[in-house]
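So the structure is just underneath, and the comments pick up after that.
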RNA sequence: CUACGGACUUA
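Residue numbers (the numbering used here): 1 to 315.
Structure below.
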């Protein structure tokens with residue numbers, strides 16, 4: 001069962017759902033009964049792909065086979081809904097989960113709060129946090145960060161900072177992700193000085209910045225700031241021993257495009273490939289949108305064609 | 001037991 005679960009999880013996480021389902025069938029034939037982990041791994045795969053019908057079907061199949069769902073199974077469904085914009089349906093599921101006798105855990109609350117926060121409904125998220133506390137649950141660093149990030153994305157820096165402080169008053173230590181959410185808010189508004197003081201502070205407090213943290217700093221230089229400073233950060237992160245990832249390269253393309261440096265942006269396409277990272281739809285969209293903003297429709301179209309030629313489908 | 005939640009890129 002352990003081996004099977006590992007394999008089902010592997011396939012499901014990669015979106016190979018046919019393979020995952022075949023494995024479950026094999027388990028049955030081999031006389032091994034899939035457990036709640038097997039089922040949850042599989043239905044979570046469907047949920048992430050936005051195939052809610054199939055996810056729910058597996059959920060029912062699980063219960064019919066006599067395996068009781070737990071909060072993780074419900075959470076997988078809820079996350080699938082929130083990540084595809086169905087926040088209200090996720091909320092309904094959350095209620096249904098309780099009616100079915102499963103108590104939401106911290107992850108359930110966090111998933112729901114994050115869903116609303118990502119849709120720009122931060123106030124609802126705040127309200128849910130209050131309810132969560134009233135129900136006796138204790139928010140952890142992920143819960144706080146979901147809300148904090150919501151405020152940061154809205155550009156409400158005071159609110160995001162206040163949550164950052166509040167979580168600490170309530171005994172929760174910010175981790176690298178919480179710091180990154182905070183820093184990202186400041187960076188995006190062009191408050192680069194504040195962003196880098198926070199970077200220093202997090203280091204002093206023993207939290208090591210990761211690639212995501214640097215990405216947040218770099219991308220701030222798209223709307224406000226300069227290519228030179230972005231390049232400087234890009235170099236610095238590598239001196240710290242961190243390797244640029246897809247987000248980093250795309251951020252660099254964005255910064256260059258925003259500043260009209262399209263030739264350089266195209267060079268970045270080549271370099272990233274040489275470094276083993278393929279430009280994705282986001283990379284191309286960024287470049288094409290950059291051309292469009294400057295009225296360079298011809299080049300936008302040429303790159304649109306080239307993207308298709310490279311085997312990527314426009315979204 | 002590689003089951004479920006939070007940050008950073010385009011639109």
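Positions of the beta carbon are idealized from the N, C-alpha and C atoms, including for glycine.
Let me make sure I understand the geometry here. Which of 96, 129 and 271 has the alpha-carbon closest to that of residue 106? Walking along the first chain from the start, residue 106 turns up at place 106. Comparing Cα positions, the closest option is 129.
In chain order, what residues of the same chain lie with their CB nearer than 8 Å to the CB of residue 139, ignoring the 5 residues before and after it? In the first chain, the residue the question calls residue 139 occupies position 139. Here the set comprises 106, 109, 110, 129, 132, 133, 167, 170 and 172.
Any 3 or more C-beta pairs closer than 8 Å across the segment 234 to 242 and the segment 261 to 278: no
For the putative contact between residue 76 and residue 112, defined by C-beta atoms under 8 Å, what is the C-beta separation to the nearest angstrom? Translated into positions along the first chain, residue 76 becomes position 76. Translated into positions along the first chain, residue 112 becomes position 112. At roughly 13 Å, the Cβ-Cβ gap does not stay under 8 Å, so residue 76 and residue 112 are not in contact.
Expressed to the nearest angstrom, what Euclidean distance is found between the alpha-carbon atoms of residue 51 and residue 293? The residue labelled residue 51 in the question sits at position 51 within the first chain. The residue labelled residue 293 in the question sits at position 293 within the first chain. So the alpha carbons of these two residues sit roughly 35 Å apart.
With DSSP as the reference, label residue 194 as helix, strand or coil. As a working mapping, residue 194 is identified with position 194 in the first chain. In the structure shown, residue 194 sits in a helix (DSSP, three-state: H, G or I).
Would residue 99 be called buried (16 or more neighbouring beta carbons within 10 Å of its own) or exposed? Within the first chain, residue 99 is the residue found at index 99, counting from 1. Label assigned to residue 99: exposed.
Distance, Cα to Cα, residue 164 vs residue 211? Position 164 of the first chain, counting from 1, holds the residue named residue 164. Position 211 of the first chain, counting from 1, holds the residue named residue 211. Taking the straight line joining both Cα atoms gives about 21 Å.
Helix, strand or coil at residue 306 according to DSSP, with G and I counted as helix: Against the first chain, residue 306 aligns to sequence position 306. It is helical.
Would you mind sorting residue 28 into buried or exposed? The rule is 16 or more other CB atoms within 10 Å of its CB. Residue mapping note: residue 28 aligns to position 28 of the first chain, counting from 1. With fewer than 16 other Cβ atoms within 10 Å, it is exposed.
Once you ignore the five residues that flank residue 315 on each side, which residues in its own chain have a CB closer than 6 Å to its CB? Here the question's residue 315 lines up with position 315 in the first chain. So the qualifying residues of the chain are 281.
Bounding residues of the alpha helix (DSSP H) (the contiguous stretch that carries residue 119): By one-based count along the first chain, residue 119 stands at place 119. Element bounds for residue 119: n/a, residue is neither H nor E.
Beta-carbon gap between residue 56 and residue 39 smaller than 8 Å: The count along the first chain starts at 1 and reaches residue 56 at position 56. The count along the first chain starts at 1 and reaches residue 39 at position 39. No; because the gap between Cβ atoms is not below 8 Å, this pair is not in contact.
Please list, in chain order, all residues of the same chain as residue 143 whose beta carbon is under 8 Å from its beta carbon, the five residues on each side excluded. Reading the first chain from its first residue, position 143 is the one you call residue 143. Excluding sequence neighbours, residue 143 sits near 106, 109, 110, 113, 129 and 132.
Hey, how far is the Cα of residue 79 from the Cα of residue 90? For the purposes of this step, residue 79 is taken as the residue at position 79 of the first chain. For the purposes of this step, residue 90 is taken as the residue at position 90 of the first chain. Residue 79 and residue 90: Cα-Cα distance of roughly 7 Å.
What's the gap between the Cα of residue 46 and the Cα of residue 94? Taking the first residue of the first chain as position 1, residue 46 is located at position 46. Taking the first residue of the first chain as position 1, residue 94 is located at position 94. Cα to Cα, residue 46 sits roughly 18 Å from residue 94.
If residue 61 sits next to residue 69, beta carbons under 8 Å apart, how far is it from one beta carbon to the other, in whole angstroms? As a working note, residue 61 is residue 61 in the first chain. As a working note, residue 69 is residue 69 in the first chain. Rounded, the Cβ-Cβ distance is 11 Å, inconsistent with contact.
Since residue 115 and residue 152 should fall inside the 8 Å C-beta cutoff, what is the C-beta to C-beta distance between them, to a whole number of angstroms? Stepping through the first chain from its first residue, residue 115 is reached at position 115. Stepping through the first chain from its first residue, residue 152 is reached at position 152. That belief does not hold up - the Cβ atoms of residue 115 and residue 152 are roughly 16 Å apart, past 8 Å.
For a test of the three-state rule: what should DSSP assign to residue 167, helix, strand or coil? Residue 167 sits at position 167 when you count from the first residue of the first chain. Of the three classes helix, strand and coil, the one that applies to residue 167 here is helix, per DSSP.
Taking the alpha-carbon positions, what's the residue 246 to residue 274 distance? Position 246 of the first chain, counted from the first residue, corresponds to residue 246. Position 274 of the first chain, counted from the first residue, corresponds to residue 274. Taking the straight line from one Cα to the other gives about 13 Å.
Run the CB neighbour count on residue 285, radius 10 Å, all protein chains shown included, and call it buried at 16 or more, exposed below. Looking up residue 285 in the first chain gives position 285. Buried: at least 16 other Cβ atoms inside 10 Å.
Rounded to whole angstroms, what's the CA-CA distance from residue 226 to residue 83? Just pull it up for me. As a working note, residue 226 is residue 226 in the first chain. As a working note, residue 83 is residue 83 in the first chain. Going by the C-alpha atoms only, they are around 33 Å apart.
Can you name the start and end residues of the alpha helix (DSSP H) that residue 220 belongs to? In the first chain, counting from the first residue as 1, residue 220 sits at position 220. 211 to 223 is the span of the alpha helix (DSSP H), which, as asked, contains residue 220.
Go ahead and pull the three-state DSSP assignment for residue 297. Within the first chain, residue 297 is the residue found at index 297, counting from 1. In this structure, residue 297 counts as helix in the three-state DSSP scheme.
Look at the Cβ atom of residue 287, then the Cβ atom of residue 253, and state whether they are nearer than 8 Å. Taking the first chain and counting its residues from 1, one reaches residue 287 at position 287. Taking the first chain and counting its residues from 1, one reaches residue 253 at position 253. Yes, they are a contact pair.
Over what stretch of residues does the alpha helix (DSSP H) that includes residue 69 continue unbroken? Numbered from its first residue, the first chain carries residue 69 at position 69. Note, residue 69: premise wrong, no alpha helix (DSSP H); not H, not E.
Residues in its own chain within less than 6 Å of residue 175 by CB, not counting five upstream and five downstream? For the purposes of this step, residue 175 is taken as residue 175 along the first chain, with counting starting at 1. Once the five neighbours on either side are set aside, the close Cβ partners of residue 175 are 141.
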